[in-house]
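2 protein chains.
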Amino acid sequence: MRVVILAHDAFAGFGGKTARGVYFYSPHEIVGIIDRSNAGKNARDIFPKGRDVPIYAHISQVPEDYDALVIGVAPIGGKLPKEWREEVKIALKNGKMVISGLHDFISEDEEFKKIAEKSGAKIWDVRKPPKDLKVADGSGRDAPTVLVAGTDCSVGKMITAVEMHKEALRRGISSGFIATGQTGILVGADYGVVIDRVPGDFMAGTVEDMVNKVKDRDIIFVEGQGDLTHPAYSGVTLGILHGSYAKKIILAHDPTRKWHEGYEGYTILPLEKSIELYEELASPVSGGKVVGISIDGENMSDEEIMKFKEKVESELGLPAEDVLRFGAKKFFDRIF
Amino acid sequence: MRVVILAHDAFAGFGGKTARGVYFYSPHEIVGIIDRSNAGKNARDIFPKGRDVPIYAHISQVPEDYDALVIGVAPIGGKLPKEWREEVKIALKNGKMVISGLHDFISEDEEFKKIAEKSGAKIWDVRKPPKDLKVADGSGRDAPTVLVAGTDCSVGKMITAVEMHKEALRRGISSGFIATGQTGILVGADYGVVIDRVPGDFMAGTVEDMVNKVKDRDIIFVEGQGDLTHPAYSGVTLGILHGSYAKKIILAHDPTRKWHEGYEGYTILPLEKSIELYEELASPVSGGKVVGISIDGENMSDEEIMKFKEKVESELGLPAEDVLRFGAKKFFDRIF
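Chains Z and C are the protein sequences, given in the same order.
So for the first sequence, the numbering used here puts the first residue at 1; every next one is plus one.
So for the second sequence, the numbering used here puts the first residue at 1001; every next one is plus one.
#1: Compare the beta carbon distance of GLY205/Z and LEU269/Z with 8 Å and say whether it is the shorter of the two.
#2: Going along the chain, which residues of its own chain have a beta-carbon closer than 6 Å to the beta-carbon of VAL1053/C, five neighbours each way excluded?
#3: Under 8 Å: do the stretch 1145 to 1156 of chain C and the stretch 1242 to 1253 of chain C share three or more Cβ pairs, one atom per stretch?
#4: Answer with yes or no whether the minimum CB distance from MET158/Z to chain C is below 8 Å.
#5: Are the beta-carbon atoms of ILE195/Z and GLY1095/C separated by less than 8 Å?
#6: Would you check if the distance between the CB atom of VAL214/Z and the CB atom of TYR191/Z is smaller than 8 Å?
#7: Using three-state DSSP, classify ARG2/Z as helix, strand or coil.
#8: Flag PRO81/Z as yes if its beta-carbon sits less than 8 Å from any beta-carbon of chain C, otherwise no.
#9: Just checking my contact of LYS309/Z with GLU321/Z at CB under 8 Å: how many whole Å lie between their CB atoms?
#10: Count the other C-beta atoms from every protein chain shown that fall within 10 angstroms of the C-beta of LEU1228/C, then say buried if there are 16 or more, exposed otherwise.
#11: Using three-state DSSP, classify ASN42/Z as helix, strand or coil.
#12: Use the C-beta contact count for HIS1058/C: other C-beta atoms within 10 angstroms, 16 or more gives buried, fewer gives exposed.
#13: At what residues does the alpha helix (DSSP H) containing PHE332/Z begin and finish?
#14: Any Cβ of chain Z within less than 8 Å of the Cβ of ILE1123/C?
#15: Output, in chain order, the set of chain Z residues within a Cβ distance shorter than 8 Å of MET1210/C.
#16: Could you tell me whether any Cβ in chain C is nearer than 8 Å to the Cβ of HIS253/Z?
#17: Would you say TYR1233/C faces chain Z, with C-beta separation under 8 Å as the test?
#18: Jot down the residue ranges of each uninterrupted alpha helix (DSSP H) in the stretch 271 to 301 of chain Z, minimum 4 residues, whole runs only, in chain order.
#19: Who are the Cβ neighbours of VAL1135/C in its own chain at under 7 Å, not counting the five residues just before and after it?
#20: Nearest CA to the CA of HIS1008/C: which residue from ARG1002/C, GLY1072/C, ILE1106/C?
#21: With 7 Å as the C-beta to C-beta threshold (strictly closer), list the residues of the stretch 180 to 196 of chain Z near chain C in chain order.
#22: With a threshold of 8 Å between beta-carbons, can THR1229/C be considered close to chain Z, or not?
#23: Look at the alpha carbon of HIS103/Z and the alpha carbon of LEU169/Z, and state the distance between them as a whole number of angstroms.
#24: Between which residues of its own chain and HIS1028/C is the CB-CB distance below 6 Å, once the five residues before and five after are set aside?
#25: Could you tell me the distance, in whole angstroms, from the CA atom of LYS41/Z to the CA atom of LYS128/Z?
#26: Name the two residues that bound the continuous beta strand (DSSP E) containing GLY150/Z.
#27: Would you mind reading off the limits of the alpha helix (DSSP H) that contains TYR1025/C?
#28: What first and last residue would you give for the alpha helix (DSSP H) that runs through ASP1209/C?
#29: Would you mind telling me which residues of chain C sit closer than 7 Å to GLU280/Z, beta carbon to beta carbon, in chain order?
#30: Can you give me the Cβ contacts of ASP209/Z inside the same chain, cut-off strictly under 6 Å, excluding the 5 residues immediately before and after it?
#31: Examine chain Z for any beta-carbon lying closer than 8 Å to the beta-carbon of ASP1104/C, and answer yes or no.
#32: Would you kindly report the start and end of the unbroken alpha helix (DSSP H) that includes LEU324/Z?
#33: Starting from the C-beta of ARG1036/C, find all residues in its chain whose C-beta is less than 6 Å away, skip the five residues before and the five after it, and write them out in chain order.
#34: Could you tell me whether the stretch 284 to 294 of chain Z touches the stretch 1301 to 1316 of chain C, using the rule of 3 or more Cβ pairs below 8 Å?
#35: Since ILE115/Z is in the alpha helix (DSSP H), which residue starts that stretch and which ends it?
#36: Along chain Z, in chain order, which residues have C-beta atoms closer than 7 Å to that of PRO1199/C?
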C-alpha cells in the first residue's frame, strides 16, 4: 500500500505522534506527507534517520497514485480540525482509503459517508472499538506479558514496545505485540484496539482478550497509555495495567518533563515513586515488577542521557536506555 | 411516579444492588417488586427497616396502575437475562416506562423499540452516556469534593454517599450529590452519568464536568466505583478519583471479604495499603486524604462491627461506621 500522511503543523512537533509513528514504523510505503509548515522539505531534512519522503502543503499537490490517506494527528479530544475536512474530502472523492485515529469517526460523518459511498472509497476508523466487548474474567493471568507503561503521554511507549518486539523477533523469539493506541495498530500489531475509546467497564477485558489470542507466544509486548496520575487519562492507564496482567513493566520516561504535557501544574511523580505505584497496583493482580526505564531523550543531549542512565542504574538498580537513539539491543540483553 | 422493580432471584441477595438501592432510596413510590424467589412475601419480611411493598412472581400479577418498571439488576457484563425479556415486553406493551441500567440498551433493541413505538412507552437507558463528552482539563481542581470510594464493588459506596448527603442537607449545609452508577442516578442525584459506560478518555472529564456544575455548593459527595486493584473495573475507579478532584475520601469496605466479589484469587489489599494507594494516586492531582471508613457490615454482627470500628480507630486513627445500620449522624460529626 502507498500511504500519504496528513499532519499539518504537526509532523515535526507537538500532536504529530501518530504521523511520525507511521512514518518511522509502518510496513507500508510512505509516498507523501502533507504539512503546510514544512512544505517543500523532505522528511529526512527533519529526521535524518527517517525515510526519503517529500512534504507537501496541500493534498492537491500530492501525485495521485497513492492508495491511502492516514490522518496523522491526535489532538486533545480527537476532533478533526475544520480546515482539514476539505483535504479529506478530496481523498475520498478520488476513491482513496482514509485511515483515521480521531475520536470523531469519519465513517459516521454524513458528508464524508456520502462521498465515500459514491466513490467507493473505504474508511477505517482505527479508534472504533469492536462490537463484542468483554469484561475481564481473570483468564489472562498466566500470559507472558511485558507492559510498556509510562510517566506521561507521548514518552515513547509505542516506539519502545515496537523496538523491543522487533529485537525479540530478530533473535528468533516468538514475540507478540498488542497495541492499545491508533499508531500501534497502524504499524502492524498482532492485535490492537484503541482502549481510550472503549467504555470503562470493558477496558481491561478488551486487553485481556487480545493477550489471550497470542498467549502461546514466548513473550508478549503490550503498549501502555498515559500515566497513573494523569488527570485525564489515568483510568485508561490502569485498565491496561490490569488487563495485560503485566509480569514485567518497562517504564517510559522523559526526565526533562515536570508536568503532564498540556496540564501545567499537574506534577509528574518522581521516577522512584512512579515505579512503586505501578508495582503496588499490579501486586494483587499480576505481581508485575518494573524491569527497565525507557528514556524519551528528545530534549536531551547524548551526555545528559548517559548521565541519567548512570543515575537510574546506580540509584534504582534498573537498566535504562533511549532505544530510539541507541537501539534496543543492549537494553533487551539486560532485561531478558 | 409509581414504580415496580424487576429483580428475579436478586432482590434479597447477589446482583440486586440496584433493586435494593431504588427500594430504599428512591424518592418515588414503590408499588411492587418482581422476584420469583421471594414471591408472596412483603419486602419488609426481608428488610424490616424498608418500605411495605408486595413481592410478585411475574409482571402479569402486578396491578396495572403503575407508571414505570425499573430493571433492578446489574449482572457482570450487564446483559438482560433472556427469560426477563417477556416481562419487559409486557410492560412496554402496556405503555409503561421502562428504566434500565443494563449495558445492552433497551432503546436500541429492535423488538423492544417496535413495541414501545406502538404503545408510546418511554425507555430510559440510564447507562447511555451523554453525547457531548469532555476530556478533563483541570478546571474542577478547586471543587469541595468528598469521594466515596471503596475496596471492592458492592460495598455500600452509593448508600454512604446518599446518607452523608442527606445528613448534610438535614444540617442545612448546601450539599451536592454526583452519581456515577445507575442506582445513584435513579435515587435523585444532582447529576449522574454511568461512568463505566463512558469511553476511557472521557471518564475523568465527565466527572469533572458534573462536579463543575455544582461547584458553588459547600460540599459535594461523589459516588465512586469498583476498587483500585479490581481486575476488571480498576480503570473506572481511578478515572473517578482523578475526575472528582477528591479533597476528602471516604473508603467503603467489607472486612469479611477476602477476594474481589466474583473474582476468586484476586485478593483485596489490606485496608491500610488501600488507603495508602488512594492517597498516593490522589496526591499530584487533588491531594485528597482518606478521612473515614464506611463499613459494609452485611455479614457482621453488631459486636463484630464494634470491634472493627475500634480497630480502625486505634490502628489507623480514622472514624469508621456502618451507616446503613447505625446512621450517618455520628460519622458525619467525626469527619466534618
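By construction, the Cβ of each residue, glycine as well, lies at the ideal position given by its N, Cα and C atoms.
Looking at the coordinates:
#1: Numbered from its first residue, the first sequence carries residue 205/Z at position 205. Numbered from its first residue, the first sequence carries residue 269/Z at position 269. Against a cut-off of 8 Å, the Cβ pair of LEU269/Z and GLY205/Z comes out as no contact.
#2: Numbered from its first residue, the second sequence carries residue 1053/C at position 53. These residues qualify, in order along the chain: ILE1030, ILE1033, ALA1043.
#3: Contact between the stretch 1145 to 1156 of chain C and the stretch 1242 to 1253 of chain C is present: 3 or more CB-CB pairs across the two stretches fall below 8 Å.
#4: The residue given as residue 158/Z occupies position 158 in the first sequence. In terms of beta-carbon proximity, MET158/Z stays away from the interface with chain C, with every pair separated by 8 Å or more.
#5: Counting from one through the first sequence, the residue named residue 195/Z turns up at place 195. Counting from one through the second sequence, the residue named residue 1095/C turns up at place 95. No, the pair does not count as a contact, with Cβ atoms beyond the cut-off.
#6: As a working note, residue 214/Z is residue 214 in the first sequence. As a working note, residue 191/Z is residue 191 in the first sequence. Yes, they are a contact pair.
#7: Position 2 of the first sequence, counting from 1, holds the residue named residue 2/Z. Taken through DSSP and simplified to helix, strand or coil, ARG2/Z comes out as strand.
#8: Your numbering for residue 81/Z matches position 81 in the first sequence. Output row for PRO81/Z: interface = no.
#9: Here residue 309/Z refers to the residue found at position 309 when the first sequence is read from its first residue. Here residue 321/Z refers to the residue found at position 321 when the first sequence is read from its first residue. Confirmed, about 7 Å.
#10: The residue you call residue 1228/C lines up with position 228 of the second sequence. Its Cβ being crowded by 16 or more others within 10 Å, LEU1228/C is buried.
#11: By 1-based counting over the first sequence, the position of residue 42/Z is 42. In this structure, DSSP gives ASN42/Z an extended state, which the three-state scheme calls strand.
#12: Counting from 1 along the second sequence, the entry for residue 1058/C is found at position 58. Result: exposed.
#13: Locating residue 332/Z in the first sequence gives position 332, counting from the first residue. Here the alpha helix (DSSP H) through PHE332/Z covers 329 to 335.
#14: For the purposes of this step, residue 1123/C is identified with residue 123 of the second sequence, where counting begins at 1. So, not an interface residue.
#15: Sequence index remark: in the second sequence, residue 1210/C carries index 210 (1-based). Those do not exist, as MET1210/C stays about 15 Å from chain Z at its closest Cβ, beyond 8 Å.
#16: Numbered from its first residue, the first sequence carries residue 253/Z at position 253. Not an interface residue.
#17: The residue labelled residue 1233/C in the question sits at position 233 within the second sequence. Closer than 8 Å to some Cβ of chain Z, the Cβ of TYR1233/C qualifies, so yes.
#18: 271 to 282
#19: Numbered from its first residue, the second sequence carries residue 1135/C at position 135. Closer than 7 Å at the Cβ level, and outside the excluded window around VAL1135/C, lie ASP1201, PHE1202, GLY1205.
#20: The count along the second sequence starts at 1 and reaches residue 1008/C at position 8. Here the closest residue by C-alpha is GLY1072/C.
#21: Within the stretch 180 to 196 of chain Z, the residues whose Cβ lies closer than 7 Å to some Cβ of chain C are ILE195, ASP196, listed in chain order.
#22: In the second sequence, the residue the question calls residue 1229/C occupies position 229. So, interface residue.
#23: Locating residue 103/Z in the first sequence gives position 103, where the first residue counts as 1. Locating residue 169/Z in the first sequence gives position 169, where the first residue counts as 1. The alpha-carbon atoms of HIS103/Z and LEU169/Z are separated by roughly 33 Å.
#24: Start at 1 with the first residue of the second sequence, and residue 1028/C comes out as number 28. In chain order, MET1001, VAL1003 place their CB closer than 6 Å to the CB of HIS1028/C, counting only its own chain and leaving out the 5 sequence neighbours on each side.
#25: Counting from 1 along the first sequence, the entry for residue 41/Z is found at position 41. Counting from 1 along the first sequence, the entry for residue 128/Z is found at position 128. When rounded, the distance between both Cα atoms is 34 Å.
#26: Along the first sequence, read from residue 1 onward, the residue named residue 150/Z stands at position 150. First-last of the beta strand (DSSP E) with GLY150/Z: 145 to 150.
#27: Looking up residue 1025/C in the second sequence gives position 25. Looking at the DSSP string, the run of the alpha helix (DSSP H) that includes TYR1025/C is 1017 to 1025.
#28: If you number the second sequence from 1, residue 1209/C lands on position 209. Note, ASP1209/C: alpha helix (DSSP H), 1203 to 1213.
#29: Within the first sequence, numbered from 1, the residue matching residue 280/Z stands at position 280. Within 7 Å Cβ-Cβ: LEU1277.
#30: In the first sequence, the residue the question calls residue 209/Z occupies position 209. Correct list, in chain order: LYS134.
#31: Counting from one through the second sequence, the residue named residue 1104/C turns up at place 104. Not one chain Z Cβ lies under 8 Å of ASP1104/C.
#32: To locate residue 324/Z, count along the first sequence from 1; it is residue 324. Unbroken alpha helix (DSSP H) run through LEU324/Z: 323 to 326.
#33: To locate residue 1036/C, count along the second sequence from 1; it is residue 36. Counting only Cβ-Cβ distances below 6 Å, and skipping sequence neighbours, we find HIS1008, ALA1057.
#34: no
#35: Taking the first residue of the first sequence as position 1, residue 115/Z is located at position 115. Counting along the chain, the alpha helix (DSSP H) containing ILE115/Z begins and ends at 110 to 119.
#36: Taking the first residue of the second sequence as 1, we reach residue 1199/C at position 199. Under the 7 Å cutoff, chain Z gives ASP196, ARG197, VAL198, PRO199.
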